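Heads up: the sequence lines are chains X and E, in that order. Under the numbering used here, read the first sequence as residues 1 to 114, first letter to last. Under the numbering used here, read the second sequence as residues 115 to 446, first letter to last. Quick reminder that beta carbons are idealized off the backbone N, C-alpha and C, glycines included. Here the structure is a predicted model, which is why all the values come from computation and not from measurement. This report refers to the structure that appears directly beneath it.
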Amino acid sequence: MASPAARDRVRRAARAVSDTSEPLTRPAAEALAKTLRLVADPTRLQLLSMINGSPGQEVTVGELTRHLGLRQPTISHHLRLMYEDGLLDREQRGRQVWYSIAKDRRDAIADLLR
Amino acid sequence: MTEPRKSGPRWYATPLDHETAATRARQLDALAEPDRLRVLSGVSARPDGTADAVSLAAELDLEPSDVEKHIAVLTALALLEEVEDQPGTFTPTAETWMRFGRLVVAAQLPVHPAASLSERPGVDSEMESPPVLRRITDRLAYRFSSTFSKETVERYVADSYRLLAERARVSQHLPSLTTRFVEDRLNALAVASGRDLRGTPEVLFVCVQNAGRSQMAAALLRQMASDQVHIRTAGSRPSGQIDPFVVEVLDEIGVPVVAEFPKPLTDEVVQAADFVITMGCGDACPIYPGRRYMDWPVADPIGQPLEEVRRIREEITGRLKALCQEMGISLG
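This is how it looks when you write it as structure tokens:
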């Protein structure tokens, strides 16, 4: 339990934040719309849900291929689109490429998948 | 130490199934329109989480007719809903807060490091305190008692409240939003697990002491149609025990009085019911919209001779048959 003083401080900070809360600006809305359009695809949503639910939240193309029953070129194509948009990160380790959801997008993507 | 990545199968979450993924994709596709996003965001950023087309249009510098069209699309997708009793005013649904809350509003806000559930900013301490969650849990546990354990309901309430509290800006609506959200989730869970609750009417019998008439009606209806209706009883001034003559005349016709003890008439009991039948205590019963109220002028069996208690039993039986007909329940 927080002390009354700490609680009060949090509440004051919150009030300051909520007073300045505004709707998305047009540029922000355009950027978000672009991302949503990209995500608005059943296969890409399934890929994201697998990445999001995997241990360490990263996967290889081989793993996705085995678990989704899609051909590897199909999966690679979708992953590339999302990587180019900045939705995914990728990292080469040995002979494998590991894909993960970009850190700054993880919460938002996890929300969309709920 | 073993390196899990290289050594065989790892644990995976089940990916979204095809149908869910397709539905979600359609929802996201409709949202992927900058002005529509700004409309949703505009409603969500309001301090009370509600807005109408005209004021939104002015705020967002859009045409009111365009805003109306966006609102129509968002409403059709169940992303917005009209506020009860306020036509033309809209508010995000619980699902919207959960899936898009952080994207359309909270994402722009600095995340406060101390923002835990117990001291979440923007939420009044009154709303924040456990009593409100306990009240929600009690009411829903009652409503869903024939399907889910109280622990399950409690978990859903805590989880849903946390999800919404992290996203929704609307502290004063949080309890009602949580209640509706949990109801939806539990109904969905019931359907998913083959325990559909919808369509099963909930009947509440109320008398003064919850010791005679309401107990008799409950026992008789349970005998008639126990699998097609949920039955509750309560009393405006509950007594200590069920009248022995009532037990006797029910026993005569092979109807057991099961697991019923006189209970007080509380708000959540009435709110959980679809049909509220009062017998001799009409005024004490709180009235809520959406419930069907009936007052049966049945005499009180308590203190009456056995013969009179039998007559009351027959009268209640006749009324129950008519009630079943009204509820669309066919008696075998």
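Could you compute how far the alpha carbon of R425(E) sits from the alpha carbon of L334(E)?
14 Å
Validate contact between the stretch 253-273 of chain E and the stretch 292-304 of chain E using beta carbons, cut 8 Å, 3 pairs
yes
Using beta-carbon positions only, say whether I250(E) and T293(E) come within less than 8 Å of one another.
yes
Measure the CB-CB distance between G163(E) and P206(E) and report whether it falls below 8 Å.
yes
Would you call G202(E) buried or exposed, if buried means 16 or more other Cβ atoms sit within 10 Å of its Cβ?
exposed
Return no unless some Cβ of chain E is closer than 8 Å to the Cβ of A102(X).
no
Does M241(E) have its Cβ less than 8 Å from a Cβ in chain X?
Confidence in M241(E) is poor, its pLDDT being 43 and thus under 50, which makes the residue's placement unreliable; the coordinate value appears in the next sentence. False, the Cβ-Cβ gap to chain X never drops below 8 Å.
Indicate whether at least one CB of chain E lies closer than 8 Å to the CB of P23(X).
yes
Reduced DSSP category for E147(E) - H, G, I as helix; E, B as strand; rest coil
coil
Does DSSP put T203(E) in a helix, a strand or coil?
strand
V343(E) and I443(E) - do their beta-carbons sit closer together than 8 Å?
yes
Residues in the same chain with beta-carbon distance under 8 Å from T189(E), minus the five sequence neighbours each way, listed in chain order, please.
E195, E196 and F204
Answer yes or no: does any C-beta atom of chain X fall closer than 8 Å to that of S155(E)?
yes
On the criterion of 16 or more Cβ atoms from any shown chain inside 10 Å, does S274(E) qualify as buried, or is it exposed?
buried
Under three-state DSSP, which class holds G236(E)?
Any reading at G236(E) needs caution, since the residue's pLDDT is 42, under 50, leaving its predicted position unreliable; the model's value is listed next. Residue state, collapsed to three classes: coil.
Using a Cβ-Cβ cut-off of 8 Å, state whether R26(X) counts as contacting chain E.
yes
Among R160(E), D180(E), G394(E) and S260(E), which one has its Cα closest to the Cα of A167(E)?
D180(E)
At what residue ranges does the stretch 250-314 of chain E contain a whole run of the alpha helix (DSSP H), taking only runs of 4 or more?
264-281 and 288-306
What do you reckon, is the C-beta of A40(X) under 7 Å from a heavy atom of the ligand ATP?
As for the ligand ATP, it is missing from this structure, which has no ligand bound.
Just the Cα atoms here: how many angstroms apart are L68(X) and P42(X)?
12 Å
DSSP on G62(X), reduced to helix/strand/coil?
helix
At which residues does the alpha helix (DSSP H) containing D409(E) begin and terminate?
No alpha helix (DSSP H) holds D409(E); the beta strand (DSSP E) holding it covers R406 to D409.
Which residues, taken in chain order from the stretch 42-55 of chain X, show a beta carbon closer than 9 Å to some beta carbon of chain E?
P42, T43, R44, L45, Q46, L47, L48, S49, M50, N52, G53, S54 and P55
Could you work out which residue in A413(E), S328(E), A146(E) and S260(E) is closest to L379(E) when comparing CA atoms only?
S328(E)
Given a threshold of 16 other Cβ atoms within 10 Å of its Cβ, counted over all protein chains shown, does I367(E) qualify as buried or as exposed?
exposed
With respect to the alpha helix (DSSP H) encompassing S341(E), which residues constitute its N-terminal and C-terminal limits?
The amino acid at residue 341(E) is misidentified as Ser; the sequence shows Asp. Per DSSP, D341(E) belongs to no alpha helix (DSSP H) and is neither H nor E.
Short-range partners of chain E found in the stretch 86-110 of chain X, where Cβ spacing is below 7 Å
D107 and A108
Could you tell me the boundaries of the alpha helix (DSSP H) in which S169(E) lies?
A167 to L174
What's the call for Q46(X), buried or exposed, on a 16-neighbour Cβ count within 10 Å?
buried
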